[in-house]
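Enquirer:
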Amino acid sequence: MRVPLAEDLAIADEPRTSEGLAADRALLDDIASWMRDERAYSIGAPVNLDIDYRHLAPFLAVHGNNAGSPCGTSEYRLHTKHFERAVVDFFAILAGAPSGAAFGYVTNGGTESNLFGAFVGRERHPDAVLYASSDVHYSVPKIARLLRMELATVPTDRHGAMDPRALESACRANRHRGAVVVATIGSTGRGAVDDLPAVHAALADAGVERTHLHADAAFGGPLAALGPSPRPWGFADGADSIAISGHKMLGCPVPCGIVLARPEHVDNIREQGAAVGADDDTIGGSRDALSPVLLWHELRRLGRQGMVDRVHECLRIAEYAAERLERRGRHPEHPAGTNTVLFDAPSQAMCERWHLFQVDGRAHLVTMPHVTEDHIDRLCAELGDPPTDG
Ligand SMILES: Cc1ncc(COP(=O)(O)O)c(C=O)c1O
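Reminder that position 66 of the sequence shown reads as 55 in the numbering used here, one-by-one numbering, no gaps.
#1: Pick out whichever of Pro59, Ser22, Asp349 has its Cα sitting closest to the Cα of Phe92.
#2: Do Gly99 and ligand 1 come close, with the Cβ less than 8 Å from some heavy atom?
#3: With hydrogens ignored, establish whether the beta-carbon of Asp205 is closer than 8 Å to any heavy atom of ligand 1.
#4: Where does the unbroken alpha helix (DSSP H) through Ala191 begin, and where does it stop?
#5: Going straight from the alpha carbon of Arg179 to that of Ala1, what length do you get?
#6: For Thr145, which option in Ile132, Ala159, Ala133 has the closest C-alpha, if you only look at C-alpha atoms?
#7: So what's Leu140 in DSSP terms, helix, strand or just coil?
#8: So, helix, strand or coil for Asn328, using DSSP?
#9: With respect to the beta strand (DSSP E) encompassing Phe92, which residues constitute its N-terminal and C-terminal limits?
#10: Pick helix, strand or coil for Phe208, following the three-state DSSP scheme.
#11: Taking the beta strand (DSSP E) that Arg351 falls in, what are its first and last residues?
#12: Would you kindly check if the distance between the Cβ of Ala232 and the Cβ of Phe105 is under 9 Å?
#13: Given Ser230, which residues of its chain have a CB within under 6 Å of its CB, disregarding the five upstream and five downstream residues?
#14: I need the straight-line Cα distance from Ile247 to Leu372, nearest angstrom please.
#15: Checking contacts by CB at 9 Å: is Val282 closer than that to chain C?
#16: If you run the structure through DSSP and keep just helix, strand and coil, what is Glu260?
#17: Could you check the C-alpha separation between His344 and Val51 for me, to the nearest Å?
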């Protein structure tokens, strides 16, 4: 497909003619089908492309707005907060919230979820240092800047998980200050999981008394919760707030996420009645009312068991990929319990065709729900007999 040039897309002073509108419609149709066709090659990005919500198109003909708190209602009556709360409840139970209840809302993605978690932590402990591993998602250093928090970067072990002993020594120097720790549950590059109980123990051993533990489970939360060997990631494991992605394992045409927090900690940030008749206890003012409906629809369709099956299938395909890439002599590295496989990078053109990102100079494949054995077989066929790229 020819990528449209800036001049093809320029917006003029005059309204578009009917022929112009027909041409634009054809252009948009082409782009949409190209984007959908790319599912056959998209094996590097941690997003689920196996989605189809077109039957929910009526929601595209109305402005929904979940302004303000997800709890209660709003003076703007065209909202979907009841669906949002059902989505939050599902994840609160999955994350082991005490009595199954947590504060939570649908965000515009993992970054906002991390921002909310760190904000709640900073409001609890205004003098806190923000600790995160060197493999933390790039949103976290930015959040430290936004919140004007001192960031202490903690080295990782050879698997890419935070080294708890290094965390302890970093905390020891600041033990009279609060500590907001971002533990990554599934690092973006390697799927590495920081050990929440070990993080807790490190904080206690360092003598830090005021802590807030935020689990960035945007990528790895569903794997940690629903995989065959569950990993600590939730409230029962000491998390005070948790980020989960909506467009990764679940799937959504627009980026979105979920954030959860212990309700008593959110009381600190709440402005009563400030947002269109609702309390203000979210980052955004006007908030997306579409994603909660889509996420609810998908979760309702799948049920918890459907999510378990989805996660297990992703892990199976990752094992399949590692085994096939081994046969091709590509030295795959497949960390246990993850859907991430790193392997010797092919040519730049092939990486582009297959949407393969690079991690430490290696190609990064991630078996999201739309990735099948067929994707892996076609990739391996190309690897075995590389096309003359260009
Ligand atoms: C571990 C982790 N945290 C946070 C994010 C940020 O999510 P978003 O891009 O939705 O803001 C990502 C995205 O890849 C991620 O992998």
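Glycine residues also receive a C-beta, built at the ideal position from the N, C-alpha and C atoms. Treat the numbers as computed from the prediction; the structure is a model and nothing was measured.
Expert: On the basis of the supplied data:
#1: To locate residue 92, count along the sequence shown from 1; it is residue 103. Considering only alpha carbons, the answer is Pro59.
#2: Translated into the one-based positions of the sequence shown, residue 99 becomes position 110. Yes; taking the cut-off as 8 Å, the Cβ of Gly99 has a heavy atom of ligand 1 nearer than that.
#3: What you label residue 205 is simply residue 216 of the sequence shown in a count that begins at 1. The answer is yes for Asp205.
#4: Residue 191 sits at position 202 when you count from the first residue of the sequence shown. Element bounds for Ala191: 185 to 195.
#5: Indexing the sequence shown from 1 puts residue 179 at position 190. Indexing the sequence shown from 1 puts residue 1 at position 12. For Arg179 and Ala1, the distance between alpha carbons rounds to 46 Å.
#6: For this step, residue 145 is matched to residue 156 along the sequence shown. Ranking Ile132, Ala159, Ala133 by CA distance to the CA of Thr145 puts Ala159 first.
#7: What you label residue 140 is simply residue 151 of the sequence shown in a count that begins at 1. Taken through DSSP and simplified to helix, strand or coil, Leu140 comes out as strand.
#8: Counting from 1 along the sequence shown, the entry for residue 328 is found at position 339. Coil at Asn328, not helix or strand.
#9: Locating residue 92 in the sequence shown gives position 103, where the first residue counts as 1. Where Phe92 is concerned, the enclosing beta strand (DSSP E) stretches over 92 to 96.
#10: Taking the sequence shown and counting its residues from 1, one reaches residue 208 at position 219. Note: Phe208 maps to coil in three-state DSSP.
#11: Translated into positions along the sequence shown, residue 351 becomes position 362. 351 to 355 is the extent of the beta strand (DSSP E) around Arg351.
#12: For the purposes of this step, residue 105 is taken as the residue at position 116 of the sequence shown. For the purposes of this step, residue 232 is taken as the residue at position 243 of the sequence shown. The answer is yes: Cβ separation under 9 Å.
#13: On the sequence shown, residue 230 is found 241 positions in, with the first residue counted as 1. Only Gly106, Val109, His203, Ala250 meet the Cβ criterion.
#14: Within the sequence shown, residue 247 is the residue found at index 258, counting from 1. Within the sequence shown, residue 372 is the residue found at index 383, counting from 1. Taking the straight line joining both Cα atoms gives about 38 Å.
#15: The chain inventory of the structure shown lacks chain C, comprising one protein chain alone.
#16: Stepping through the sequence shown from its first residue, residue 260 is reached at position 271. Residue state, collapsed to three classes: strand.
#17: Here residue 344 is taken as the residue at index 355 of the sequence shown, counted from 1. Here residue 51 is taken as the residue at index 62 of the sequence shown, counted from 1. Roughly 34 Å between the two C-alpha positions.
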